[in-house]
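Report on the structure given below.
Numbering (our numbering), first residue to last: 37 to 207.
Printed below as a string of structure tokens:
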């Protein structure tokens, strides 16, 4: 009988696991890196990631009295659409020791720095399952929060990406 599949999942996640700012293990941690390797950032709190895949399919309609529908041709996979949600917040101890706005502004600035570049290298166990190592961030959003200035939710919409050199070597 094969081993317990949950152990394999625990082993896979275990190699990516790290503790967040509260000392709690993140199950889906995410790190961002600049393409030249000069800048990196571990997102401080666990994120929620949505991955949506789609195929490029060409439908051709032919006339035949007994056949209904169309002939489908698969042309390949489209880019994965990524939606990443998180929250920036402060612990009470840090809020007292340091200016509240300074810490949150620093976190927002780090996220915005990666938004402003063309392509970002990403390390996240869920995205690794889909073979995603790079992404291009399309939009960044900071929705209204009733929690006040101590909690700032954020959302990123992105597409999976790859280095152009990978495309040229694949041909």
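Cβ coordinates follow ideal geometry from the N, Cα and C atoms, glycine included.
- Non-local beta-carbon contacts of residue 123 in its own chain, meaning distances under 8 Å to residues more than five positions away in sequence, involve 81, 187, 188, 189 and 190 in chain order.
- With a beta-carbon spacing of about 5 Å, residue 112 and residue 92 fall inside the 8 Å limit used to define contacts.
- Under the rule that a run must span 3 or more residues, the beta strand (DSSP E) segments found entirely inside the region 102-170 read 107-113, 117-125 and 156-159.
- At a Cβ-Cβ threshold of 8 Å, residue 120 and residue 156 do not count as neighbours.
- In its chain, beyond the 5 residues on either side, 173 and 176 have a beta carbon closer than 6 Å to the beta carbon of residue 151.
- In the DSSP annotation of this structure, residue 179 is not part of any beta strand (DSSP E), being labelled neither H nor E.
- Beta-bridge partners assigned by DSSP to residue 192: 120 and 176.
- Residue 168 is classed as buried because its beta carbon has at least 16 other beta carbons within 10 Å across all chains shown.
- Listed as beta-bridge partners of residue 72 by DSSP are no residues whatsoever.
- Residue 74 counts as exposed, since fewer than 16 other C-beta atoms from the protein chains shown sit within 10 angstroms of its C-beta.
- Here residue 90 carries a coil assignment [DSSP, helix/strand/coil].
- The alpha-carbon separation between residue 143 and residue 114 amounts to approximately 32 Å.
- About 5 Å separates the beta carbons of residue 67 and residue 78, which is inside the 8 Å limit, making them a contact pair.
- A buried status is given to residue 125, since no fewer than 16 other beta-carbon atoms sit within 10 Å of its beta-carbon.
- Cβ-Cβ distances below 6 Å link residue 159 to 67 in the same chain, with the five nearest sequence neighbours on each side left out; the list follows chain order.
- Of the other Cβ atoms in all chains shown, 16 or more fall within 10 Å of the Cβ of residue 161; this residue is therefore buried.
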